[in-house]
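Data block below; observations after.
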Amino acid sequence: MHVLKYPHLTLTAAALLICSGLQAGAQVADDVVKGDAIAHGLCIGCHVVDTHSPVIRTDFVPGFPWIAHQDETTMASLAAFLAAPHGRMPNYALNPDEIRQVSAYILSMKQGLQ
Ligand code: HEC
């Protein structure tokens, strides 16, 4: 039974895995809170930025709940969109952290709608 020779190591590894999973969850939660602030500070001038507002799709500016609800919307698609200056949107030059935070915030609305 040499597999159980170091059972404490296996337990330590399991505990580490669980902890890193929890940290990833906490990181996302933290991103959502910061992204909420970015959206309400910078994006609210044009976009519907939260689920308290009606989910509408205007001809001009898609609302964040609507964006979150599109199948093709992912962290990667949002990051790509926000990293480049775009159409009629001001170029905020968000840094990678801010892009991740506001993208996490937008995607957090997916659950609220289902
Ligand atoms: C001055 C108005 C304006 C502001 C401010 C603005 N946007 Fe936009 N946004 C638009 C318009 C208009 C579009 C539609 C696409 C286009 O015309 O380029 C758009 C499109 C988008 C899309 C793509 C939607 C789709 O159809 O997939 C995302 C994501 C987005 N904006 C995120 C943001 C974020 C995040 C912020 C704040 C950091 C922000 N926008 C601030 C006007 C704005």
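Sequential numbering of the sequence shown, starting at 1437, is according to the working numbering. Just so you know, even glycine gets a beta-carbon here, dropped at the ideal spot from N, CA and C.
Mapping DSSP to helix, strand and coil, what is Pro1532? Here DSSP, grouped into helix, strand and coil, assigns Pro1532 to helix.
Distance cut-off 8 angstroms: His1488 Cβ against heavy atoms of ligand 1: Checking the Cβ of His1488 against ligand 1 gives no.
For Glu1534, I'd like the list of residues in its chain whose CB is within less than 7 angstroms of its CB, leaving aside the five on either flank, ordered along the chain. Cβ within range, chain order: Ile1474.
Counting only the same chain and skipping the five closest in sequence on each side, list residues whose C-beta sits under 8 angstroms from that of Met1545. Within the same chain, Asp1486, Thr1487, Phe1500, Pro1501, Ala1504 and His1505 come within 8 angstroms of Met1545 by CB-CB distance, once the 5 residues on both sides are set aside.
Contact test: Thr1510 Cβ vs ligand 1 heavy atom, cutoff 8 angstroms: Not so, every heavy atom of ligand 1 lies at least 8 angstroms from the Cβ.
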